[in-house]
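For the sequence shown, full-length UniProt numbering begins at 1 and goes up steadily by one.
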Amino acid sequence: MSVRVAGWHDLAAILAVERGAAEGPHWTEAQYREALAGGVEGSAVRRRVFVWDGVLGFAVGMVLAVGGEKEAELEHVVVKAEARRRGVGRALCEAVIGWSRECGAEAVRLEVRASNLGAIRLYQGLGFLEVGRRTGYYREPLEDAVLMERPDVAR
1 MSVRVAGWHD LAAILAVERG AAEGPHWTEA QYREALAGGV EGSAVRRRVF
51 VWDGVLGFAV GMVLAVGGEK EAELEHVVVK AEARRRGVGR ALCEAVIGWS
101 RECGAEAVRL EVRASNLGAI RLYQGLGFLE VGRRTGYYRE PLEDAVLMER
151 PDVAR
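Written out as structure tokens, the structure reads:
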């Protein structure tokens with residue numbers, strides 16, 4: 001099993017995985033359709049969705065071109081509970097990092113719930129550093145967002 005770029009045929013499975021995860025932000029079907037399409041036509045935003053074969057998990061990456069600079073964000077990572085701690089999340093994150101590098105981004109940013117210690121450890125293991133916090137950013141439950149960045153993507 002391995003990571004691949006998601007296609008339209010993966011939409012139902014992506015939605016099922018996401019709806020089955022209690023934690024994290026939940027996107028609408030329209031948002032996933034936009035991500036699968038690669039972004040909005042004519043905008044400076046590009047998106048790519050990666051899935052683990054069998055759709056045990058998925059990740060969404062975003063690259064924004066602003067004034068010659070390219071900023072990347074790991075927007076969404078969801079792995080089925082039974083597939084966690086088996087390298088699925090790491091492989092999905094690495095796919096987004098690699099794609100961000102190919103797009104010319106120099107860094108990848110993300111935000112994560114302060115209580116999601118497993119994800120924070122995963123991101124630290126991938127070279128992400130804590131660069132700040134957003135107090136009370138998440139709702140239901142109210143919680144801070146930890147802002148993280150991997151600054152050396154181009155290397």
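All C-beta atoms, glycine included, are put in the ideal place defined by N, C-alpha and C.
Can you tell which of the options has its C-alpha closest to the C-alpha of residue i?
i: L56; options: V112, V108, E18; result: E18
i: H26; options: D53, R47, V60, W52; result: V60
i: R4; options: Y123, G98, E29; result: G98
i: residue 163; options: A37, H76, D10; result: Since the first and last residues shown for the chain are 1 and 155, residue 163 lies out of range.
i: Y32; options: A44, A6, S43, W52; result: A6
i: A91; options: L117, Y138, F58; result: F58
i: A37; options: T28, E29, G136, R47; result: R47
i: G132; options: A145, Q124, Y138; result: A145
i: W52; options: L117, I14, S2, E130; result: S2
i: H9; options: A81, G54, Y138, V45; result: G54
i: Q124; options: E29, R134, G136, R109; result: R109
i: A13; options: V45, K80, E71; result: K80
i: E29; options: E130, E71, L11, V45; result: L11
Inspect the beta-carbon positions of residue i and residue j and report whether they are closer than 8 Å.
i: L147; j: E111; result: yes
i: E69; j: M62; result: no
i: L126; j: C93; result: yes
i: A35; j: V49; result: yes
i: R101; j: A154; result: yes
i: F128; j: R150; result: yes
i: S115; j: E143; result: yes
i: G89; j: L122; result: yes
i: V96; j: A21; result: no
Going by the DSSP bridge assignment, what does residue i pair with across the sheet?
i: E82; result: Answer by DSSP bridge pairing: none, since E82 is not bridged.
i: R113; result: A145
i: G127; result: In the DSSP output, where bridge partners are listed per residue, G127 has none listed.
i: residue 158; result: With the chain running from 1 to 155 in the structure shown, residue 158 is simply not present.
i: R133; result: V146
i: A44; result: According to DSSP, which records beta bridges pairwise, A44 is partnered with nothing at all.
i: L74; result: G61
i: Y32; result: According to DSSP, which records beta bridges pairwise, Y32 is partnered with nothing at all.
i: V108; result: A72, R150
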